[in-house]
Each structure stands twice: as C-alpha cells, then as structure tokens.
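**Q** Under this note's numbering, the first residue of the sequence shown carries the number 49, and numbering increases by one thereafter.
Sharing a structure, written as structure tokens. Questions coming.
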Amino acid sequence: MKKEERIKKTFPWGTLFAARENFEFGYFTKEKELVDKYLTRPSDVLVLGSGNGREAFPIHANGHSIVCIDNVTIYLDAGRLLCKKRGIDNVTFKEMDVTQPWPFQDEAFDFIFFSIFSYIGDRRWHALQEARRVMRGAGYTLLSTATSLYPQRHPRSLHSEYLFFDNVDSIQNAVDPIGFRVLDGGVDPKRHEYLFVILARN
Ligand SMILES: C[S@@+](CC[C@H](N)C(=O)[O-])C[C@H]1O[C@@H](n2cnc3c(N)ncnc32)[C@H](O)[C@@H]1O
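Structural data, given as structure tokens:
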C-alpha cells in the first residue's frame, strides 16, 4: 500500500493535515476577524488539535510564542518540517491528547485556538475545563464549532459524536458552567457550517 493510502486508512483526517495545503490554508473569514481583534500583542499562544499548523502559520511573524499540540505524530512531524524549511523557530509542536490531563501550568497562555470541540466526544468538557485552567485571567479562547449544516456540507465525515451549535446563545449556555462567557462571535459568513466565538473568563 502506498504511504498516502496507508495514512488515509489509519488516520480519520486523511492526508490533509500531513501535507502542506492545510498549513497554508489560512483563516476562515470570521476566524480572521476575531484573531485580528483579540490577538493584538505578542502572546503565549496554544493551538489545540493543530494538525500541521494552520492556525499558527498566519501569525508566526507577530512575536508570539506558539505551542501546537496534536495526538497524531505525522501531522506534528509535517508541521515541524514546514517550520524548519521556512526558518520559523517560535512555533513548537508537541504530542498530546486533549482528552487526557494537560501538562501545562495554570494560566500559561494568553490565547488558545480550540477548533476540535465539536469532534472529540464527551471528553470535550474536560478539555474545555483544561483550556480555562491554562488560560490567563485576561486571556481569550477562540472556540470553533460545527453548526447543524456540517453533515450536509461534509456527508462523508464521521459525525456521530459531533456536537453542533447554531448560535452564540447555545454556546453561552454550554460554557457558562465551566466559567467562560462568550464575548464575541458568530457563524462564518461564507462557510455557514462553522461558528467561531471568543471566550473569556466570567
Ligand atoms: C479537523 S482537524 C483540524 C486541524 C487544524 N486545527 C485546522 O483547523 O486546520 C482536527 C485535528 O485535531 C487532531 N485531534 C483529534 N482529536 C484529538 C485529541 N483528542 N487530542 C489532540 N488532537 C486531536 C487531529 O489529529 C487533527 O489534526
């Protein structure tokens, strides 16, 4: 079996996150708006479920220290290689499963990208608690979730464990018990199957 076929069979996200395209894909419209508004000074940034570094790449030159974590080694290796080739030395890739206890100290990060909340099953609540713990008091978490349009747009994806949110109020209700409030956000104006919000401590 060819290497690409083997990767596709073994990892549900396929080859996309082991390859360069995802690294250079950039931000979704709403995501970019929120990054530009809330990540305005050099910061300690954490990217959860980073793949090869899509969220890190557009901001790497802004003086941040960025930690990308993922539980699939090949995606991390691809990210390390892409950064090395470009001489990017402020982005580190670490293997970690967000559904397990996190090795980071309390309040270690100013800004957290959390794009895998919809996809990780019931342990998502543990991961969200950990995100709040490692986020600094004045920090932000950029939470990306799937809307109920997601299964129509991506019929072949594995969505039995997905959790869908169609508006900001339903996210507010879900994150309130964990100690977050939704500051800003909304459905992406071009890709309606995604919703992006900024969370702060409440
Ligand atoms: C849909 S991809 C998103 C990649 C990237 N954040 C982006 O938005 O382009 C989901 C990523 O999360 C990773 N992932 C899935 N479950 C995870 C877990 N429990 N812990 C850490 N990473 C996980 C996958 O390996 C994959 O790279």
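For each residue, glycine too, the CB sits at the ideal point set by N, CA and C.
Computed from a predicted model, the values in this text were never measured in an experiment.
Taking 8 Å as the limit between beta carbons, can you name the residues of its chain near ASP137, skipping five residues before and five after?
**A** Only CYS131 meet the Cβ criterion.
**Q** Within 6 Å: the Cβ of ASN250 and any heavy atom of ligand 1?
**A** No, the Cβ of ASN250 stays beyond 6 Å of every heavy atom of ligand 1.
**Q** State the beta-bridge partners of ASP92 as determined by DSSP.
**A** For ASP92, which the question treats as bridged, DSSP gives the partners SER113.
**Q** Would LEU82 and ILE246 be called neighbours here (beta carbons separated by less than 7 Å)?
**A** Contact flag set, yes.
**Q** Going by alpha carbons, who is nearest to PHE244 out of PRO237, GLY233, VAL120, ASN250?
**A** Residue GLY233 is the option with its Cα nearest to PHE244.
**Q** Rounded to a whole number of angstroms, what is the C-alpha to C-alpha distance between VAL182 and TYR188?
**A** Distance between the alpha carbons of VAL182 and TYR188 is about 11 Å.
**Q** Take LEU197 and list the residues in its own chain whose beta-carbon comes closer than 8 Å to its own, dropping the five residues that flank it on each side.
**A** Hits under 8 Å: HIS240, GLU241.
**Q** Rounded to whole angstroms, what is the Cα-Cα separation between VAL223 and ASP170?
**A** For VAL223 and ASP170, the distance between alpha carbons rounds to 14 Å.
**Q** Is the distance from the Cβ of GLY99 to the Cβ of TYR123 below 7 Å?
**A** Yes, the Cβ-Cβ distance between GLY99 and TYR123 is below 7 Å.
**Q** Along the chain, where does the alpha helix (DSSP H) that runs through LEU247 open and close?
**A** Note, LEU247: premise wrong, no alpha helix (DSSP H); beta strand (DSSP E) at 242 to 249.
**Q** Hey, out of GLU103, THR147, PHE152, ARG180, whose CA is closest to VAL139's CA?
**A** Cα-wise, what sits closest to VAL139 is GLU103.
**Q** Using only the heavy atoms of ligand 1, determine whether one of them is closer than 6 Å to the beta carbon of THR147.
**A** THR147 Cβ: within cutoff of ligand 1.
**Q** From what residue to what residue does the beta strand (DSSP E) around LEU191 run?
**A** Residues 183 to 194.
**Q** Helix, strand or coil: which one does DSSP assign to LEU176?
**A** Three-state result, LEU176: helix.
**Q** With H, G and I counted as helix, E and B as strand and the rest as coil, what does DSSP make of LEU4?
**A** Only positions 49 to 250 of the chain appear in the structure, and residue 4 is not among them; the question remains open.
**Q** Evaluate HIS202 with the Cβ neighbour count: other Cβ atoms within 10 Å of its Cβ, from every protein chain shown; 16 or more gives buried, anything less gives exposed.
**A** By the neighbour-count rule (16 or more Cβ atoms within 10 Å), HIS202 is not buried but exposed.
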